[in-house]
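In this note's numbering, the protein residues as written are 348 to 554. The next block holds one structure in the form of structure tokens; read it before the comments.
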């Protein structure tokens, strides 16, 4: 009897907790962030939940063949619109769980809370020609097997149909494995002054 084969499919609401788990387990420059935060749900509430809520039609998962999501790609076709909707619709739902710090963040939880309450940080003039953006994460045992490329291709096609001609992403510069993957999938560096710990990359959504 053949073992189940992983497949890419649209996100379903039942995948939410699996997506949240993947987000945490890949959030430390690609490594596992479990145990690094007092409330580690602050990570997916920043980097996954808003997309599942606001752009579910642009969310795709890698299904392990048994119905469980083991990777995902999420995105938006219009970053400026997404930011406005995040502030209007997502922050009222989760913002009270993560009060923003009064001053400089004292730890990772406060830093993530600060990011959550400042979604406008995603709007950079240097990225205006790349209005769409994405996040992609896979559990380690499913990396290096071509699934990441297939997820990217699935989202690029959906973004292209939605009218977004170019897409960008921000990645932690220390994650050299991710950078090699993005280079192989057609992304190039987008110059952004003072990007901090991030490198911004972009590409066309055309095949």
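The beta-carbon is built from N, C-alpha and C at its ideal position, and this holds for glycine as well. Only a predicted model underlies this, so the values are computations on that prediction, with no experimental measurement involved.
> To which residues of the same chain is residue 490 closer than 6 Å at the C-beta, ignoring the five residues directly before and after it?
Replying inline: Within the chain shown, the letter at position 143 stands for residue 490. If we look at residue 490 and ignore the five residues flanking it on each side, it has no Cβ neighbours.
> How would you call residue 421, buried or exposed, if buried means at least 16 neighbouring beta carbons within 10 angstroms?
Replying inline: Here the question's residue 421 lines up with position 74 in the chain shown. Buried: at least 16 other Cβ atoms inside 10 Å.
>> Check whether the segment 414 to 433 and the segment 466 to 479 touch, using three or more Cβ-Cβ pairs below 8 Å as the test.
In response: yes
> What residue from 435, 554, 363, 388 has the CA that sits closest to residue 406's CA?
Replying inline: Here residue 406 refers to the residue found at position 59 of the chain shown. It is 363.
> Is the beta carbon of residue 483 sitting closer than 7 Å to the one on residue 409?
Replying inline: Working through the chain shown from its first residue, we reach residue 483 at position 136. Working through the chain shown from its first residue, we reach residue 409 at position 62. No.
> To which residues of the same chain is residue 445 closer than 6 Å at the C-beta, ignoring the five residues directly before and after it?
Replying inline: Stepping through the chain shown from its first residue, residue 445 is reached at position 98. The answer, listed in chain order, is 389, 460, 463.
> For the candidate residues 349, 372, 434, whose alpha-carbon lies nearest to that of residue 487?
Replying inline: Here residue 487 refers to the residue found at position 140 when the chain shown is read from its first residue. The candidate whose alpha carbon is nearest that of residue 487 is 372.
> For the segment 446 to 456 against the segment 532 to 548, are there 3 or more C-beta pairs whose distance is under 8 Å?
Replying inline: Verdict: no, contact absent.
>> For a test of the three-state rule: what should DSSP assign to residue 354, helix, strand or coil?
In response: Working through the chain shown from its first residue, we reach residue 354 at position 7. Strand, per DSSP.
>> One question on the structure: do residue 473 and residue 539 come within less than 7 Å of each other, judged by their Cβ atoms?
In response: Working through the chain shown from its first residue, we reach residue 473 at position 126. Working through the chain shown from its first residue, we reach residue 539 at position 192. Contact: yes.
> Can you list the beta strand (DSSP E) stretches of 3 or more residues lying completely in the segment 455 to 530, in chain order?
Replying inline: 479 to 485, 513 to 519
> Nearest CA to the CA of residue 387: which residue from 499, 477, 369?
Replying inline: Your numbering for residue 387 matches position 40 in the chain shown. Among 499, 477, 369, the Cα nearest to that of residue 387 belongs to 369.
>> Less than 7 Å between C-beta atoms, sequence neighbours within five positions excluded: which residues of the same chain meet that for residue 528?
In response: Taking the first residue of the chain shown as position 1, residue 528 is located at position 181. Here the set comprises 495.
> By Cβ distance below 6 Å, which residues in the same chain neighbour residue 392 in space, the five residues on each side in sequence not counted?
Replying inline: Indexing the chain shown from 1 puts residue 392 at position 45. Close CB contacts of residue 392 within its chain, under the 6 Å cut and outside five residues either way in sequence, are with 441 (chain order).
> Relative to the C-alpha of residue 511, which residue among 552, 498, 525, 415 is closest?
Replying inline: If you number the chain shown from 1, residue 511 lands on position 164. Comparing Cα-Cα distances from residue 511 to each of 552, 498, 525, 415, the minimum goes to 552.
> For residue 351, which option in 414, 497, 545, 454 has the closest C-alpha, if you only look at C-alpha atoms?
Replying inline: Residue numbering aside, residue 351 sits at position 4 when the chain shown is read from its first letter. When each option's Cα is compared against that of residue 351, the closest is 414.
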